[in-house]
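Written below as structure tokens is the structure these notes are about.
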Amino acid sequence: MSLVFGALALAVATISAQSGATPADDPWRIDFRYAPPVWQTSICLPDDWQKTIVGKDGSLLYDYPGRFAGFGTRITFGLRGEVTWVRQTLAAPRVPIVQTVARVGSVELQTEAFAVAPAHPVARNRVNLEGDRERGQVRPTNGGMTFLELSHHPARHDVLIVRLWNRGQASVEVTPTLTIESQSALTVDPGQKRLRIGTGTELQCVEAYANVESATNRVRAVFTATTLKPGGQRVLAFCIARGAPGPVLLRSVAQAQGLRRQAERFWRKLDLPYDRLEVPDAGVQALLDSAIRNIYQAREIKQGLPAFQVGPTCYRGLWVVDGSFIMEAMAYLGRLTEAREGIQYLTSFQRDDGGFLLIDGHWKETGIVLWAITRHARLTGDRPWLRAIWPRVERAVAFVQQMRVTASANAAAPNCGLIPDGFSDGGLADRVPEYTNIYWTLAGLRAAIQAARWFGQEGDATAWQREFDDFYATFRRAAARDTRTDGLGHRYLPIRMRDNGEIPPQKAQWGFLHAVFPGKVFAADDALVAGNMAMLHSVEREGLVLDTGWLKDGIWNYFGSFYAHAWLWLGNGDKAARTLYAFGNHASPLLVWREEQKPRGEGAQFVGDMPHNWASAEFIRLVRHLLVLERGNELHLFEGLPPTWARPGAVTRINHVMSEFGPLSLEFRVARDGRTGWLRLEPPTRTPPGRIVLHLDHWSGRSGVLELPTHGVVRKRLAIDPRTPQSPDDRNFLADVRSAP
Numbered sequence: 008m009s010l011v012f013g014a015l016a017l018a019v020a021t022i023s024a025q026s027g028a029t030p031a032d033d034p035w036r037i038d039f040r041y042a043p044p045v046w047q048t049s050i051c052l053p054d055d056w057q058k059t060i061v062g063k064d065g066s067l068l069y070d071y072p073g074r075f076a077g078f079g080t081r082i083t084f085g086l087r088g089e090v091t092w093v094r095q096t097l098a099a100p101r102v103p104i105v106q107t108v109a110r111v112g113s114v115e116l117q118t119e120a121f122a123v124a125p126a127h128p129v130a131r132n133r134v135n136l137e138g139d140r141e142r143g144q145v146r147p148t149n150g151g152m153t154f155l156e157l158s159h160h161p162a163r164h165d166v167l168i169v170r171l172w173n174r175g176q177a178s179v180e181v182t183p184t185l186t187i188e189s190q191s192a193l194t195v196d197p198g199q200k201r202l203r204i205g206t207g208t209e210l211q212c213v214e215a216y217a218n219v220e221s222a223t224n225r226v227r228a229v230f231t232a233t234t235l236k237p238g239g240q241r242v243l244a245f246c247i248a249r250g251a252p253g254p255v256l257l258r259s260v261a262q263a264q265g266l267r268r269q270a271e272r273f274w275r276k277l278d279l280p281y282d283r284l285e286v287p288d289a290g291v292q293a294l295l296d297s298a299i300r301n302i303y304q305a306r307e308i309k310q311g312l313p314a315f316q317v318g319p320t321c322y323r324g325l326w327v328v329d330g331s332f333i334m335e336a337m338a339y340l341g342r343l344t345e346a347r348e349g350i351q352y353l354t355s356f357q358r359d360d361g362g363f364l365l366i367d368g369h370w371k372e373t374g375i376v377l378w379a380i381t382r383h384a385r386l387t388g389d390r391p392w393l394r395a396i397w398p399r400v401e402r403a404v405a406f407v408q409q410m411r412v413t414a415s416a417n418a419a420a421p422n423c424g425l426i427p428d429g430f431s432d433g434g435l436a437d438r439v440p441e442y443t444n445i446y447w448t449l450a451g452l453r454a455a456i457q458a459a460r461w462f463g464q465e466g467d468a469t470a471w472q473r474e475f476d477d478f479y480a481t482f483r484r485a486a487a488r489d490t491r492t493d494g495l496g497h498r499y500l501p502i503r504m505r506d507n508g509e510i511p512p513q514k515a516q517w518g519f520l521h522a523v524f525p526g527k528v529f530a531a532d533d534a535l536v537a538g539n540m541a542m543l544h545s546v547e548r549e550g551l552v553l554d555t556g557w558l559k560d561g562i563w564n565y566f567g568s569f570y571a572h573a574w575l576w577l578g579n580g581d582k583a584a585r586t587l588y589a590f591g592n593h594a595s596p597l598l599v600w601r602e603e604q605k606p607r608g609e610g611a612q613f614v615g616d617m618p619h620n621w622a623s624a625e626f627i628r629l630v631r632h633l634l635v636l637e638r639g640n641e642l643h644l645f646e647g648l649p650p651t652w653a654r655p656g657a658v659t660r661i662n663h664v665m666s667e668f669g670p671l672s673l674e675f676r677v678a679r680d681g682r683t684g685w686l687r688l689e690p691p692t693r694t695p696p697g698r699i700v701l702h703l704d705h706w707s708g709r710s711g712v713l714e715l716p717t718h719g720v721v722r723k724r725l726a727i728d729p730r731t732p733q734s735p736d737d738r739n740f741l742a743d744v745r746s747a748p
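Residue numbers for the sequence shown, in the working numbering: 8 to 748.
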């Protein structure tokens, strides 16, 4: 068995060494300095019904939710004696074979956990509209969680390979154990090679166990003690069979090792959209590749369509806003059919009144779906598709208009003429007069107006523009009334209209940031925007905004992408790039994010799922937008290029990434002396942009922009100053925004 522990860490360390900075002061290094103290990782196959999770300690976790590390079943390998955790890694960013190392005295305990994969990758996106229906695969409980009915599923197998290695100078006796904790009934097989968990799970052991120790909700299989000489090893293997019963899969360690090689081949050959974005930072590239893989691991086929789900446990399902951004990320990477089928699945939830409301009080979901539909149409350039789905858009806009009528029933209400009392989410509960629903409804209505103009529905565009103008004017009057001043003198708009000053100003400001981008509701020099951004900047911790989500004094990790995108849209690409790295450094070393966690050293509390694939999508989106950003009829390049991506020998590639103007490709290659760069650009040809603008600030040693040809292959030689550019002061940038004409 070949173990490749530490390969990723070595690659990242090499990049850091080339930059010449130490980890403590290097903002351009991915080293997971802010990783959560406890993490978990998915090892399941793409579109898998079985979402197996591996804990930080190497335990296999099943049957969410439950009492054992949050799961109904936990399976853990160990040794007699005190076990000390050492490290955990992946076989590779694209290969979810989880490798965990621990020690008991001089004995090193190495485990590898993986899902048994087909001998050959299945054809991508082959969907049977009848045979692949849910059939009760995931049923919601009253608490909003989900549970699996295993009898409805084909057999699925996970394998755990364990290597015990005496690293000491003296012989040592080891007694292996395998502990099963479960809320289901545990049954011991008389043949001492199987343990049954409930009715749909069986643990199969290659080597018979010597005896079993039983307690309430727990069984520990104890294996024969062995004396390991110095350098001596012992290898064991186990299989966890889930779903429909079948024959024993695993009969030898050699077979387990063969299945491991088969799994690695499967993942390395799998047709996922990896090489669309190639960057010269190994740490960022690893996070990109892992993000893509995790999105497909969390996905399921429902009603014959791909359902892009947020996570494998508490967020195993459709969330309108999360799913919309995941589908945009997939469209960028060329998976247009899958993204469209995801949009089709999303729009199937439209209500009879035209609205979308999967979460009670989430009036914003109608605006989000309007944005998602129209964004997909623009990325694909498919006017006939938009025309076919336009009745859904019209019904959704009519629902927006009706919401405003409903909100106008009480002239004394603070949200009169806006949106009814709603649920903010992202840190604030209750149904109250608030702004997140207003922000996203404005953004969705604006997107619908632009789409109507794009394919010639001028009547709709004109009528809806009148609605938008009145809606926006009503919002600005309310915003002027509700604007507050924080303790540092920043003028900001709280999310709740009836704000008593006890809620932190930054709480639940995600809707505001989305209104900046991608909603594009505000002008870049808007004083409301400058004040809110200054307020958020003042409460940064670890490069991200503190205490904006559900976890008190916590960090909502992928809120960092919302924050970075706002900076980018406002013209501060350098700040956006630095925030990308802060966001990346809050991932675990296994390249996934928890939704929310505490700052380093301040506790292990957390909120939400892990892996969290809205975070995955946001990382993909942010890298794409730092390199390529549409601004109206213009295409802007390298607005947020990190300066280390222009170091000597660096190569950045974009391979047929989708834009509103069509797919584009480019390669930017820096000479070994760092003084020259060569850009090769294949502009989009479907609808050529009016201008293509290359930004030079913060990475080239120069300032300003270059305008590039919009037609034909572009080849450009660029002079670069290899000295590291200085980053601007964000406070000065905000002052410039406020003073702009």
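Glycine included, C-beta positions come from ideal geometry on N, C-alpha and C.
Residue range of the alpha helix (DSSP H) that includes residue i
i      : result
Phe478 : Glu465 to Asp489
Arg385 : Lys371 to Thr387
His632 : Asn620 to Leu634
Phe590 : Gly580 to Gly591
Asn444 : Thr443 to Trp461
Lys276 : Val260 to Lys276
Leu294 : Ala289 to Ala305
Asn539 : Ala534 to His544
Tyr339 : Val327 to Tyr339
Start-to-end residues for the beta strand (DSSP E) that takes in residue i
i      : result
Leu761 : Residue 761 lies beyond the residue range present for the chain, which begins at 8 and ends at 748; the question has no answer from this structure.
Phe675 : Leu671 to Val677
Phe245 : Gln240 to Arg249
Cα-Cα separation between residue i and residue j, rounded to whole angstroms
i      : j      : result
Val400 : Phe39  : 43 Å
Ala338 : Leu673 : 18 Å
Trp392 : Ala458 : 12 Å
Ile333 : Asn620 : 8 Å
Thr354 : Thr387 : 17 Å
Glu603 : Asp554 : 10 Å
Ala583 : Ala232 : 56 Å
Arg140 : Leu312 : For Arg140, the pLDDT reaches just 29, beneath the cut-off of 50, and the residue's location in the model is therefore unreliable, although a value from the coordinates is still provided. For Arg140 and Leu312, the distance between alpha carbons rounds to 9 Å.
Gln144 : Ala531 : Residue placement at Gln144 cannot be trusted, given a pLDDT of 27 that sits under 50; the coordinates are not used to answer.
Arg133 : Pro511 : Only weak support exists for where Arg133 lies, its pLDDT of 39 falling under 50; the coordinates are left without a value.
Glu547 : Arg201 : 52 Å
Leu636 : Leu642 : 6 Å
Asp32  : Pro43  : 20 Å
Trp576 : Leu543 : 16 Å
Arg81  : Ala379 : 39 Å
Ala314 : Val677 : 41 Å
Proximity winner among the options, relative to residue i (alpha-carbon distances)
i      : options                           : result
Pro238 : Leu185, His632 and Gln176         : The sequence given here places Gly at residue 238; Pro does not occur at that position. Nearest of Leu185, His632 and Gln176 to Gly238, Cα basis: Gln176.
Leu266 : Thr223, Val123 and Ala584         : Val123
Tyr71  : Tyr322, Ala263 and Ser178         : Tyr322
Val439 : Gly374, Val552 and Asp506         : Asp506
Leu425 : Asp432, Leu435 and Trp447         : Trp447
Asp467 : Gln409, Arg275, Pro183 and Ala405 : Ala405
Pro427 : Tyr281, Ala314 and Ser415         : Ser415
Lys309 : Pro696, Leu577, Phe569 and Trp56  : Trp56
Lys723 : Pro696, Gly697, Glu689 and Pro695 : Glu689
Gly368 : Pro34, Glu345, Met410 and Cys423  : Met410
Arg87  : Phe78, Glu115 and Arg358          : Glu115
Glu609 : Arg74, Ala293, Glu549 and Gly341  : Glu549
Leu171 : Thr107, Trp600, Val286 and Ala403 : Thr107
Chain-order list of residues whose beta-carbon lies under 6 Å from that of residue i (same chain, five-residue window excluded)
i      : result
Glu137 : Below a pLDDT of 50, predicted positions are generally treated as unreliable, and Glu137, at 29, falls in that range; the measurement from the model is reported next regardless. Closer than 6 Å at Cβ, skipping near neighbours: no residue.
Asp728 : Gly708
Arg385 : Glu667
His164 : Val123, Cys246, Ala248 and Leu256
Ser191 : Ile204 and Gly205
Ser178 : Thr234 and Lys236
Whole-number beta carbon distance between residue j and residue i, since they are thought to touch under 8 Å
i      : j      : result
Pro655 : His705 : Pro655 to His705, Cβ: 17 Å. No contact.
Leu686 : Leu725 : 6 Å
Tyr565 : Ala611 : Actually they do not touch by this definition, with Cβ atoms about 19 Å apart.
Contacts around residue i, its chain only, beta-carbon distance under 7 Å, and the 5 residues preceding and following it disregarded
i      : result
Leu257 : Val166, Gln211, Val213, Ala244, Cys246 and Ala263
Thr29  : In this predicted model, Thr29 has a pLDDT of only 46, less than 50, meaning its place in the structure is not dependable; the value taken from the coordinates is given anyway. Excluding positions up to five away in sequence, the list is empty.
Cutoff 8 Å; reference residue i; Cβ partners in own chain excluding five residues on either side
i      : result
Arg775 : The structure shown does not extend to residue 775, since the chain is modelled only from 8 to 748, so the question has no answer here.
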